[in-house]
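The sequence shown begins at 102 in the working numbering and counts up one residue at a time.
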Amino acid sequence: MIAFHNKIFDNNTIRKKEKAKWDFNVIVIDAGHGGKDSGTLGVDGIKEKDVNLGIALKLGKEIAEKMKDVKVVYTRKTDKFIELYRRGQIANEANGNLFISIHCNATPKKPSDANGSEVYLLRPGRTKEAISIAERENSVISYEDNPKRYQKLTDENFILVSMAQSAYMRYSEKFADLVNKEFGKDTGIEPRGVKQAGFYVLVGASMPSVLVEAGFLSNRKDAHYLASAKGQASIANAIFDAIKKFREVYEKNIEAE
Ligand SMILES: [Zn+2]
């Protein structure tokens with residue numbers, strides 16, 4: 102006979118523990134690229150990695166100042182190369198409640214007219230444009246030691262690969278929608294909507310997750326706005342306002358469940 106010495110929890114204790122897991126207290130900010138990976142290059146030599154980090158640090162600072170009960174975790178705070186799979190790991194180890202990956206877009210031709218922000222959810226890409234943006238962002242795995250660790254995100258294996266994410270999809274959708282709306286109110290960047298594609302960086306994080314393409318570095322107006330401290334602060338503020346609204350919805354829903 103096997104003796105069980107485990108502490109037995111009554112249902113209430115288990116419920117409380119389950120809820121504590123959902124308490125909104127950790128936000129993970131992921132500044133895309135870094136180090137040997139500059140990301141996309143914009144007009145006037147503007148590097149995506151620098152813009153992403155600028156926005157990420159300003160966003161983290163604003164959360165630390167205005168949402169004191171929430172801990173900010175960065176996947177990088179300096180100009181450092183971090184593998185894509187590691188970014189999701191950092192988020193999971195921190196028990197994050199929200200994962201925000203910050204990036205900038207560009208067209209191959211520079212300068213060009215394409216402009217505006219997009220917010221991406223992890224789902225099979227449905228437009229040629231969305232697929233090519235995910236391909237560009239995913240291609241940085243060529244800088245990594247073992248790019249084979251990533252499974253190609255085909256329609257067939259998408260559900261399996263993105264399973265860790267699917268439980269949080271309705272929250273990811275809500276947050277993506279809020280970020281898109283706040284861009285329209287607070288920034289000099291035109292919001293181009295919520296889209297979907299297979300970004301590797303979103304695969305591993307087990308929490309509501311979005312990837313923000315904050316604007317086009319190939320567009321002169323967007324690029325100069327994105328590279329300026331004022332522009333970065335406005336974008337950080339737009340994302341912060343979305344977090345504030347998201348938190349209300351999130352906490353209300355968790356309480357009702
Ligand atoms: Zn990027």
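Ideal Cβ positions, reconstructed from N, Cα and C, are used throughout, including at glycine.
- In this structure, the CA atom of L254 is about 6 Å from the CA atom of G299.
- Residues I128, I130, G161, I164 and A165 of the same chain have their beta carbon placed closer than 7 Å to that of V173, with the five preceding and five following residues left out of the count.
- For A315, the secondary structure class from DSSP, reduced to helix, strand or coil, is strand.
- Here the alpha carbons of D214 and G146 stand approximately 17 Å from one another.
- D278 is the residue among G305, N354, D278 and A328 whose C-alpha sits nearest the C-alpha of D342.
- Looking at the DSSP output, K148 shares a beta bridge with L142.
- The beta carbons of L318 and G143 sit closer together than 8 Å.
- One thing to note: A132 has its Cβ no nearer than 8 Å to the Cβ of I191.
- Annotated three-state conformation of S273 is helix, per DSSP.
- The beta carbon of N196 is closer than 6 Å to those of V127 in its chain, skipping five residues each way along the sequence.
- In terms of Cβ geometry, K322 and N216 form a close pair [threshold 8 Å].
- Counted as a single uninterrupted DSSP element, the stretch harbouring A306 is not any alpha helix (DSSP H), since DSSP gives it neither H nor E.
- Any heavy atom of ligand 1 counts here; residues with a Cβ closer than 5 Å to one of them, in chain order, are G133, G140, H204 and E238.
- For the pair P209 and D124, the Cα-to-Cα distance works out to about 42 Å.
- When the Cα atoms are used, I340 and A357 turn out to be separated by approximately 26 Å.
- By the criterion of a C-beta distance shorter than 6 Å, Y326 is surrounded in its chain by G289 and G332, once the five residues flanking it on both sides are discounted.
- The DSSP-derived three-state label of G135 is strand.
- A straight line joining the alpha-carbon of T141 with that of G294 spans about 21 Å.
- The region 219-234 and the region 268-275 touch, with no fewer than 3 CB-CB distances between them shorter than 8 Å.
- Excluding five sequence positions before and after V262, the CB atoms of its chain that fall closer than 7 Å to its own CB belong to Q252, L254 and V304, given in chain order.
- Bridge pairing for S202: D131 and L312 [DSSP].
- Around S139, the same chain offers K148 and K150 as residues with beta carbons nearer than 6 Å, after the five sequence neighbours per side are excluded.
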